[in-house]
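The sequence shown begins at 1 in my numbering and counts up by one. Note that beta-carbon positions come from the ideal geometry of N, C-alpha and C, so glycine has one too. Structure first, commentary second.
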Amino acid sequence: MDLKLEGKVALVTGTASQIGIGNAICKYLAGEGCEIISIDIELEGAQKTADAVKALGKKAVAYKADVANEDEVNEAVQSALKEFGRIDILVNTAGLSAGKPTPFTEQKRETWQKDIDVNLYGTMLFSKAVLPGMVEHKYGKIVNFSSIAARQPLLGSYSAAKAAVISITHGLAAQYGPEGINANAIAPGMLKTNFFGEPNERTTQMMEGMASRVPTRRIQTVEDIAYAVAFLVSDVSKNITGQCLQVDSGLVMR
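In structure tokens form, the structure reads like this:
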């Protein structure tokens, strides 16, 4: 199926990890014809992702930005607009989990603040920065990243922030739908990435245990998430907005 993404300009955050979701999204969208703006707080990794896109024959640039810093976000977006002239697609992939599961009475404000700053505030800031251009062109696709943790609130501040991302997505979809802009979210399940640190025996056992409890009997890969993003940012899904798509191997049913 032709997703008709040739020539579209996509800005993706959280692209530094070479085995992460952001990297996979950049490469898959490039394969579908997109030009890529790779953004991360770690410029070296973001540049490696941009270089991987260039190797596929597509234009790509990398910018350094802390998604929770409004000045850095605005500077990156303005630089991208000068380079490409427009931004058609925004994928807010950047995220983190600042703490570990702890009793509520032991949770710390600074942990909550960090989770909210990156997962929630970062999503808002990049959306806010690209929206004027999308409104001007009467076209835009925004994909935000929630998590299965939003419906299984075991991680305190992380779960709360990811649940709020769904609410932001609803607000964007409702307010900017008449302007030709679609906004959706993706809630990945357990992934084979370095989100929980470098792979080790504990994380391997955790993955195997999770796989045994889901209908597909497999843990999704970063490529599975990239496929879902490509669908949501294409015009094939032009009547889908305000949704949160769970890509979780069927964990939603448990």
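Among the options, nearest to residue i - alpha-carbon criterion
i, options, result
"P103", "L155, I240 and I219", "L155"
"E179", "I39, T241, I41 and L191", "T241"
"A187", "A55, D224 and S157", "D224"
"K100", "A228, I168, A174 and S159", "S159"
"L232", "A150, G140 and S167", "G140"
"I168", "Q152, C244 and Q220", "C244"
"V77", "G7, S127 and L191", "S127"
"V53", "K64, E35 and I39", "E35"
"Y294", "V12, A161, E110 and A174", "Outside the shown range of the chain, which is 1 to 254, sits residue 294, and nothing can be said about it."
"A129", "A98, K138, A80 and G177", "A80"
"Y176", "Q246, L3, R151 and G133", "G133"
"A98", "Q18, E75, G85 and E110", "E110"
"A65", "R86, G85 and D40", "D40"
"I87", "K48, K138 and Q47", "K138"
Simplified DSSP assignment, three categories, for residue i
i, result
"E42", "coil"
"Q246", "strand"
"E35", "strand"
"N119", "helix"
"P132", "helix"
"N267", "This structure leaves residue 267 out entirely; the chain is present only between 1 and 254."
"I186", "strand"
"T15", "coil"
"L90", "strand"
"K64", "strand"
"A80", "helix"
"I142", "strand"
"I181", "strand"
"A10", "strand"
"L5", "coil"
"K54", "helix"
"T111", "helix"
"L154", "coil"
"T241", "coil"
"G171", "helix"
Short Cβ contact (7 Å threshold) for residue i with residue j
i, j, result
"E42", "A16", "yes"
"V118", "L90", "no"
"V61", "E83", "yes"
"V67", "A94", "yes"
"V9", "G22", "no"
For residue j and residue i, the rounded distance between their alpha carbons
i, j, result
"S157", "D71", "25 Å"
"I37", "G45", "13 Å"
"T105", "Q113", "16 Å"
"E136", "L5", "19 Å"
"L125", "N239", "25 Å"
"L56", "K27", "8 Å"
"N144", "T123", "7 Å"
"K58", "Q107", "45 Å"
"A149", "L131", "28 Å"
"N92", "D2", "24 Å"
"L29", "Y227", "9 Å"
"A230", "Q246", "15 Å"
"Y63", "V73", "10 Å"
"I181", "E75", "23 Å"
"V222", "I142", "19 Å"
"N69", "S237", "32 Å"
"Q18", "K48", "8 Å"
Beta-carbon separation (whole angstroms), residue i vs residue j, contact threshold 8 Å
i, j, result
"A163", "L172", "Contact doesn't hold; Cβ gap of about 16 Å is too wide."
"D248", "G189", "3 Å"
"S146", "I166", "5 Å"
"Q220", "L191", "6 Å"
"G14", "G7", "Not a contact, Cβ separation roughly 24 Å."
Residue i Cβ short of 6 Å to the ligand SAM heavy atom set
i, result
"E83", "This structure does not include the ligand SAM; it has no bound ligands of any sort."
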